[in-house]
Structure formats: C-alpha cells, structure tokens
Amino acid sequence: MLTPGLHPRERPSRVVVEGVSPEVDGGRFPVKRTLGEQVAVEADVFADGHDVVTALLRYRAEGEPSWTELAMEPRGNDRWRAAFTVTSLGTWRYTVEGFVDAFRTWRAGLAKKVEAGQVEPVDLLVGAELVEAAAGRARGADAARLAEAAGVLRAEGAVEARARAALDEELGLVMARHPDRSGAAALGRELEVCVERERARYGAWYELFPRSATPEPGRHGTLRDVAARLPYVAGMGFDVLYLPPIHPIGRAHRKGRNNAPAAAAGDVGSPWAIGAAEGGHTALHPELGTLDDFRALLAAARAAGVELALDLALQCSPDHPWVREHPEWFRRRPDGSIQYAENPPKKYQDIYPLDFECARWRELWEALLGVVEFWVGEGVRIFRVDNPHTKPFRFWEWLIATARRRTPELVFLAEAFTRPKVMYQLAKLGFSQSYTYFTWRNTRFELTEYLRELTRAPVKEFFRPSFWPNTPDILPEPLQWGGRPMFQARLVLAATLAASYGVYGPVFEQLEARPLAAGREEYLDSEKYQLRPWDPAAGGTLRDFIARVNQIRRENPALHANEGLVFHRVDDEQLLAYSKARPDGSDGILVVVNLDPHHVHAGWVELALEALGVQPGEPFQVHDLLGGGRYSWSGARNYVEIDPRAAPAQIFRIRRRLRTERDFDYFL
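Residues 1497 to 2164 in the numbering used here are what the sequence shown spells out, letter by letter.
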C-alpha cells in the first residue's frame, strides 16, 4: 500500500491480481486434495488501459527449490484459469503473477494494422526493439532465433512481408518463454494445498467391537477372532475396519448394561473408559490379546486388502496410570476430587477429561503425540478421533501437522457431531474427513440443501464428509420404524452421496432397531456396555445388499469423489434423484431413492442432461445396477417407479451413446 503524499521507491506495477480461488480464509489454511487430483486455480488479473496482460500460475511441492509456471487461459471478464496435478503427499504451494506483455500488446496492434493496410516501417522498428531485448534475456537456440527475427524486422524490404514474419506463431511461442516481467505484480502470498492419499477422500468403513467378535456366546472376543472375521468384512467390499478403543477398561465407576450407573459382576464396561492397572493408551485390553496378536491382525488385514483404523479417545478412566503419575493433567473441583465428564443430564463418572489448560500442558501434548506415534510405529495409519471438538483447536493443528510431517500417509476422521463452524474449523486444521449431520437429514429438502452446502466452495475445498447412517451412540429415529427398506435407503444415500461412508457394522447389517426407550436415539442393550456376539451366518441380514452397493461404488469412478453431484427435479416429493459424473468422460451414475419405506412412489424425473454429458435428443442407455434392468431413454423427462418392498432405490449407470448395433442389443 502506498503512503499518501509520498512517492513509491520503485515504479509500481500496473497489474492487479485478486480474487484467487481456491483459497481458504485468505490463505490461513490449505485447500485439500488427494494424490493425483488437480488443483484448478482461477484469478482476476488485469491492468489499466488496453494493454495485453499475461497471467501465470506458479506451483511447487514443498522442498522443491524452483517453481513450475503455467500460462493461465482467459475465461472472460479478466478471469484466468490454469490447473496442476499434485503428485506427492504433503504440502504444495501455489501463487499467481501477472504482467503487462509489451510484445503481445504490440503484436495485437500490428495485426489490426495489417488487416487495415496501415503498417508503417516505424511499427516494425518498435517490434524489433522488443525482440532484441528478449534475445538478451534468452540463451542458446532461442537467443539466435530471436536475433534473427529482430534482423528481419529491421531489414529493408516490403513492409507487409516483414509484418507477416512478426506475426509468425513460432516467434510468439519463443517470445513467450522470455517475456519482460519487470512490471509484474504477484498475489503477495503463497497458498497451500494439503495432499493426502486416496483413503482420505474415498472409502467404505465397517465398525466392529472386537470383544463381540467371538464365535462362542459368553466368551470375550479377541483380536484373533477379529482376524478371523476379516474375509467376511472384505467380502462385503469394505476398505476400512474401524475398532473402538482396544485398551484396558477402568474398574472404578464402571458402567453397567444400558449405561447403568453401577456395574454388576461380570459387566465389561465402556471401552471409552480407558486405562487400568494393565496400562493406558498404549496398552491392550488383556482379554483381547497381546501386541503380537495385534501385529498379526494388521498383517491379516493387509492380506485381505482392508486397512485397520483405531479409535483415538483422549480421555482417561479413574484407573488410568496418568491419574496417578500426572495428577496435574486433570481438573480438580474445590473439594479436591477430579472433574469427571458430564453432559447433563448424562454423567460419565467412569471418564476423566484431560485438562488442556493445565500448567504442564506442553508435557501433556507431547504425551498424547506419543500415543499416536506408538500406534503409528505398530503400523496404524488411520485414526478415528473421538469428540475432537472438546479439545483445543491449536492442539489438533500441532498434533496432526507433527504426526504427518513424520508419516505423511496418516488419515484422521473427526467424530465431531457439533456446531457447523466448529466442524469446519477442525477440518481446516488438518482432519482428513468428518462425521456429519447426514444421520439426521431425512427429507428431500434437508438432504438437497445439506449436500449443496458440502459440495460447493468454500466448504468443498477443506471439508470432506463421511456419512454414517448409525453409530454406537446413535440409532436414528427413522431406522426405528422404517424397517428393512429404510436401512437399505439410508445405506444407498450414504454410499452414493458421499465418497466416504461407514456403518456401525453388525448392528446395521442385522437391522437392529430397538431403542433404549421411546423417543431416545440410544440402542437397547448397547454394545458399548456389554458383549453382543453377532452371528455372521444369520439369515435375513443386509450382507448381500451391502456387498452389491460397495461393488457398485468400486466399479464406478463417479462415486469416488464428492464433486460432480447434481440434483434433478422429480414431481414426487418422496423421490430424490441425483447424479454424479466425472470430467474425464467416464459413465456417470444416476440414483433415484424412495424416501418412504412403506409405499410405492412414481414420477417423472427432469434430467439436467448437460450434467450427464448427454446432448438434447441423443438416446442413451441406463442400466439399473441394483435391480438389473436395462432401459433406453431419450430426452430429459423419464419415468421411474420404486417399490420399497423390492428395493427402495435404483442406481443407474448412464451410457451416453449407442456405439454399435451390438451394443444396442446388449443393453436392451
């Protein structure tokens, strides 16, 4: 900024660079991408007057000494665009620069004079000076080529022939490599991209309590029992097996079945009441097994093509070793007792929150980082973080950045059922993805509005949603009365609206819908407080349906991202229609879901054909990947009818043109 009344020390640039996107909070936080994705950058770059402006996108991976530059393409109204692909994990940086391009300005004017027959020798001398200056900046063959061109412009001879030489396309390309950027203006800051691996964006999660994995009712499950279940989980097409806390469980104030204030003999307690005489956050519950058993589980998971995610719950039971060794890490009440967790009217006497504002907070932070690094050292690369919104923002920013600096492939899922701005702040600070309000979005209006918020800028640049129809804490009210069709509909919505989704496994799969009490969202006989063995061979489960939906996800790249989501009009309020398509031209996916689990609904879908890459009047095929039907459609209006008793949704693959007569016969 110039100071009024004072001349600038250097000649100011005539160029303005502003309105850069993507950008999160003015560059305070990075935008997010996964390996191999593009970063499409746009900016307003302009100058006073009518001179031609060149805009450049500059980018590099952190640690690279030099920038790569791309010429940005004009989009109209002084808006420019260019894109680059991120090819390594970690931080990338980008910025935008613009300058008045004297040579291109001169060439544009010369072209008009040639067309009007008004070229004068002095016009060519102006160009010769510009080319000679560029030759002085160039080296090697380019310098020689430019010197030769300058000679042509200065030579005697027909003005028209020399002007045509000045307009030669190859000369323009050489000049573009050696522009005069002395009057350039830059954005003035470097923007960042946080590049993570694909699992941060796309994946299907299955939650399983290890202690319930036993094939023998009455016996506490083990990690080896979990390993035996891996082929079953992998067979349903899940990418991640998430385990609630696997640490020793405190005995003091242990909760009983259905969250009873006092435990009876034999009650196993809540896994989130972490810590006992056997150890804390780096120890295993003795009935689950040993570290060797855990390592065997990790190896078995890798062999099955499944990743293991651990719960990171930064809280302690009254029996946790830290309570004795570091009493200063906990908040004490005036009577000297340690403050337990509570969310009135709920009380959690079995859990002590950590005091992140204590005088020894630095030691506490380092200890918690040590917990993460311990399990990373054992091979864990994914953490589901319990209630991160109850810990300081700056702690998470520090912990995630520090852990990722050492292990860039780490993925952190935030279980943050809290206020929107808090959820978004956690995402900006480093969490790879987050639980969402999807669990409570049920009507067409609610789903449409919420997904539009999540998939538009600026939210889409930093927040990756993970959709869960249920969790151990949440049995949503529609699942309590909607029966099998509601479970199926919610699964399809979660799995096709979001690139990353999960289910609280056996409970969802076996249609468990008994609430603790009327009007409550808690499970009766919750697995959080007791052993609940589940028989994988039980009849009537959703196993095959889940496997089919996950197979559809894997086989259709359009479902691997949250971009490209478009909602389509339907004349029945209980039908929700939406599509996903990729810019690479691969087949798109159209989903129609009946939100009413009890009645048949039908209506006309008004397709936004351009979103599907279909030209008006062009015939196209749709293949119902759930039901198997194949249809030939034409035009925007098409009829659908969905009976929830058969299947509450249709997932169509869109084939945009008839390639051959044989293809036509196949699809019909």
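No residue lacks a Cβ here, since even glycine has one placed at the ideal position from N, Cα and C.
None of these values were measured; they are calculated from a predicted model.
Note down the Cα distance separating ALA1624 from MET1568, rounded to an integer number of angstroms. 26 angstroms
Run of the alpha helix (DSSP H) containing GLU1533, from where it starts to where it stops: Where GLU1533 is concerned, there is no enclosing alpha helix (DSSP H), given that its DSSP letter is neither H nor E.
According to DSSP, what are the bridge partners of TRP1861? In the DSSP output, where bridge partners are listed per residue, TRP1861 has none listed.
Is it right to say ARG2133 is buried, meaning 16 or more other beta carbons lie within 10 angstroms of its own, or is it exposed? exposed
Do VAL1722 and PRO1744 come within 8 angstroms of each other at the CB atom, strictly closer than that value? no
Using a 10 Å radius around the Cβ and a threshold of 16 neighbouring Cβ atoms, would you call SER1708 buried or exposed? buried
Top-ranked residue by Cα proximity to LEU2012, from ARG2044, MET1671, PRO1972 and TYR1728: PRO1972
Tell me which residues share the same chain as GLU2018 and place their Cβ nearer than 6 angstroms to its Cβ, disregarding the 5 neighbours each side in the sequence. LEU2012
What does the Cβ neighbour count give for VAL1516, buried or exposed, with the cut at 16 atoms within 10 Å? buried
Rank GLU1593, ARG1948, LYS1608 and SER2022 by C-alpha distance to the C-alpha of PHE1934 and give the top, closest one. ARG1948
If we count the other Cβ atoms within 10 Å of its Cβ and call it buried at 16 or more, is SER1813 buried or exposed? buried
Can you tell which of TYR1698, ARG2010, PHE1525 and ARG2151 has the C-alpha that lies nearest to the C-alpha of ARG1890? PHE1525
Helix, strand or coil, according to DSSP, for ARG2158 in the structure here? In this prediction, ARG2158 scores a pLDDT of 46, lower than 50, which makes its location untrustworthy; the coordinate-derived value is nonetheless stated afterwards. The answer is helix: DSSP assigns ARG2158 an H, G or I state.
For ASN2046, the first and last residue of its enclosing alpha helix (DSSP H): 2039-2051
Exposed unless 16 or more other CB atoms sit within 10 angstroms - verdict on GLY1613: exposed
Does the region 1535-1545 come close enough to the region 1574-1586 to have 3 or more Cβ pairs within less than 8 angstroms? yes
Please work out which residues of its chain come closer than 8 angstroms, Cβ to Cβ, to VAL1802, disregarding the five sequence neighbours upstream and downstream, and give them in chain order. LEU1726, VAL1729, ALA1730, PHE1734, ASP1735, VAL1736 and LEU1737
Run the CB neighbour count on HIS2097, radius 10 Å, all protein chains shown included, and call it buried at 16 or more, exposed below. buried
Distance between TRP1825 and ALA2145 (C-alpha atoms, nearest Å): 51 angstroms
With distances taken Cα to Cα, identify the nearest neighbour of TYR1848 among PRO1823, GLU1859, GLU1862 and ALA1855. PRO1823
Taking all protein chains shown into account, do 16 or more other C-beta atoms lie within 10 angstroms of the C-beta of TYR2135, making it buried, or fewer, making it exposed? exposed
Just the Cα atoms here: how many angstroms apart are PRO1840 and VAL1511? 58 angstroms
Restricting to Cα atoms, I'd like to know which of PRO1570, LEU1585 and ASP2031 is closest to ALA1696. LEU1585
Shortest alpha-carbon distance to ALA1761 belongs to which of ALA1772, ARG1747, ALA1769 and PHE2004? ARG1747
Please say whether ILE2150 and LEU2108 have beta carbons closer to each other than 8 angstroms? yes
Candidates ILE1742, ASP1788 and ARG1856, of which the one nearest ASP1807 by Cα: ILE1742
Bridge-paired residues (DSSP) for GLU1703: TYR1738 and TYR2000
DSSP beta-bridge partners of THR1591: ARG1554
Cα-Cα separation between LEU1719 and GLU2069, rounded to whole angstroms: 47 angstroms
For the alpha helix (DSSP H) containing THR1581, list its first residue and its last residue. Where THR1581 is concerned, there is no enclosing alpha helix (DSSP H), although the beta strand (DSSP E) it sits in stretches over 1575-1581.
Residue from PHE2148, GLN1811, ALA1796 and ASP1788 with nearest C-alpha to PRO1767: GLN1811
In chain order, which continuous runs of the alpha helix (DSSP H) of length 4 or greater are located wholly inside the region 1813-1863? 1817-1821
Rounded C-alpha distance that separates LEU2086 from ALA1640: 57 angstroms
Coarse secondary structure for TYR1698, derived from DSSP in three states: coil
Return the Cβ separation of VAL1527 and GLU1957 in integer angstroms, given the expectation that the two are a contact with Cβ distance under 8 angstroms. 4 angstroms
Cβ contact check for the region 1890-1901 and the region 1920-1935: 3 or more pairs under 8 angstroms: yes
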